[in-house]
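So that you can map any letter, position 72 of the sequence shown is 100 in our numbering, and since no number is skipped, the others follow by simple counting.
The C-beta atom is built at its ideal place from N, Cα and C for all residues, glycine as well.
Take a look at the structure set out below.
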Amino acid sequence: MPRLQTQLQYNDPSIVIWRDPPYIDRSDSLPVINGIITLLEIPSSQDRVRIAGMVEVHIEDFIHKNTLDPDEFHVNYGNGQIQFHPSHEGKTFLCEYKGKGQILLPASRVYAMVERSPDIVKTLQDIIDEMLHHLSKYNMKLLEINNAISAATQAAVEANLSADHANKAAQTALNAADQALVVIRDAMKIYKVPVNNFGDLATTYPRPELGWTVMVRNTGNIYRWDGFDWILIENFTQAAFPIASRTVNGLMSKEDFIAFHDKLELKTLIFLVGKPKLTGVPPLVSSFPFAGEIKNIKAFCLHSGSFQPTEIEIQKISEANFKNNGIWDNILTDNISFPIGSLVSNTHTVSDHKVNTNDYFRLNITDLDSEIQGITVQIDIQI
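What follows is the structure in structure tokens.
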């Protein structure tokens, strides 16, 4: 481990770091600067410094001689400096020696001449302090410059965004204007004198312009020239006198339309049973040729029973099952029932309202009063 020695007791701020072990072989390859090489460690004066091809001049000879030949060098073993002949300036030499350690001096004890003037002297510490001061100012200025660059960059980004938004807004306005022109062009109508037939359009208006609108008298159709062809846009009679529907009044009120069409669309299937003698299926079968929905069932008779209620099923079967002797289904949840002394059945309930095209219907008498006569079953079907 190196031994740290200080001379604080002599008020000397220098620090000496000696090796432990004290002498280690070293080989420093260093350049000659201003005629001097400064070794990296303090050399041992006993083991001397060796440079291949050169001769060391001892201190006594150097003081007496005061000059060096090109093949000579002189070593200051107190500070580790080697002096050379001026012809070796800039050359690099391998210096072999045994190192003892280092002597460290404070920067306040190292002087430097300013602008090579011997009258103006600064210590290394002065120069370091000035450099640190200028470096601090430089860092502050650099921070200000970076902040200014960041602010300028942000402003540029915001300006670019604003420009993009402005460009988009301008493009949107242009698109809206184009669309408005298209709408105006497509909606523009310039009415011309009507013609009698559609074929008269080509002869009466051989070179039509965009938006020309002409009515054809024999149909009431109104055509508009779209730049390429005559396009039917409306009908005069329908526009002036609209067709009635279930929701719109027209040539008749919507209420009259509903009543009229409901009557036309309502079909009735009737079974007439004079005086049945037995329970079971009477020899009456009917086929309904439309698809629809059962709206109402009425059952009444001319002469009521006197002994017991009469009950009747209404059965249905599809065309395919009818041809294959399939099973008939009762469409009532509560059957038709004529109580004693009653001419009308009021308690029957329909469970299957749907009617398919060519479905077959029949009656099935499950209970019979022998006195009942003139039974009629009426099935109203909306198609």
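query                                                                                                                      : result
One or two residues paired with Ser365 in a DSSP bridge                                                                    : Glu339
Whole-number beta carbon distance between Ile409 and Glu321, since they are thought to touch under 8 Å                     : 7 Å
Ser379 to Asp284 span [Cα, whole Å]                                                                                        : 31 Å
Through-space distance from Val242 to Val223, alpha-carbon basis                                                           : 7 Å
Coarse secondary structure for Met29, derived from DSSP in three states                                                    : Low per-residue confidence applies at Met29: pLDDT is 43, beneath 50, and the placement is therefore not dependable, though the value from the model is reported in the following sentence. Looking at Met29 - three-state DSSP - the assignment turns out to be coil, as it is neither helix nor strand.
For Asp387, the first and last residue of its enclosing beta strand (DSSP E)                                               : 387 to 395
7 Å Cβ cutoff met for Gly333 and Asp397                                                                                    : yes
Endpoints, alpha helix (DSSP H) assigned at Arg213                                                                         : 152 to 215
Rounded separation between Ala215 and Arg252 - CA only                                                                     : 10 Å
Euclidean distance between Cα positions of Val422 and Val103                                                               : A question about residue 422 goes unanswered here, because the residues of the chain that appear run from 29 up to 411.
Nearest residue (CA-CA) to Ser373, options Glu339, Phe335, Thr361                                                          : Glu339
Segment contact, 8 Å Cβ cut-off, at least three pairs: the region 111 to 123 with the region 56 to 72                      : yes
Coarse secondary structure for Lys351, derived from DSSP in three states                                                   : helix
C-alpha distance - Val383 paired with Arg235, whole-angstrom precision                                                     : 58 Å
In DSSP terms, what Lys326 is bridged to                                                                                   : Gln406
Beta-bridge partners of Phe112, as assigned by DSSP                                                                        : Phe101
Distance between Met159 and Gln153 (C-alpha atoms, nearest Å)                                                              : 10 Å
Candidates Phe101, Asn246, Asn324, Glu341: closest to Thr307 by CA position                                                : Glu341
Backbone secondary structure at Thr247 - three-state DSSP                                                                  : coil
Buried/exposed call for Lys93, threshold 16 Cβ in 10 Å                                                                     : exposed
Local Cβ density within 10 Å of Glu293, reported as buried at 16 or more and exposed below that                            : exposed
Contact set for Gly63: own chain, Cβ-Cβ below 7 Å, skip 5 residues either direction                                        : Gln111, Phe112, Pro114, Glu117
Contact belief for Phe389 with Leu297 at Cβ below 8 Å, rounded distance in angstroms                                       : 6 Å
7 Å Cβ shell around Phe366 - same chain, five flanking residues per side excluded                                          : Cys329, Ser332, Gly333, Pro337, Thr338, Ser373, Ile400
Close-in-space but distant-in-sequence residues of the same chain around Gly354 (CB under 7 Å, 5 per side omitted)         : Ile345
Beta carbon of Trp46 nearer than 7 Å to that of Gly129                                                                     : yes
Where Thr361 falls, given that 16 or more other Cβ within 10 Å makes a residue buried                                      : exposed
First and last residue of the uninterrupted alpha helix (DSSP H) at Asp56                                                  : That residue, Asp56, is in no alpha helix (DSSP H); its beta strand (DSSP E) goes 52 to 59.
Rounded distance between the beta-carbons of His381 and Asn363, thought under 8 Å                                          : With a Cβ gap of about 16 Å, Asn363 and His381 do not count as contacting.
Straight-line Cα distance separating Ile218 from Phe244                                                                    : According to the sequence displayed, residue 244 carries Val and not Phe. Using only the alpha carbons, I get a separation of about 15 Å.
Cut-off 8 Å between Cβ atoms - residues of its own chain near Asn174, not counting five sequence neighbours on either side : none
Spatial distance of Ile43 from Glu69 (CA atoms)                                                                            : 13 Å
Close beta carbons around Asn324, own chain, < 7 Å, minus the five adjacent residues each side                             : Asp408
6 Å CB neighbourhood of Thr404 in its chain, flanking five on each side removed                                            : Leu300, Phe328
Candidates Asp387, Gln207, Ile52, of which the one nearest Ile359 by Cα                                                    : Asp387
Supposed close pair Asn246, Leu260 - CB separation, criterion 8 Å                                                          : With a Cβ gap of about 14 Å, Asn246 and Leu260 do not count as contacting.
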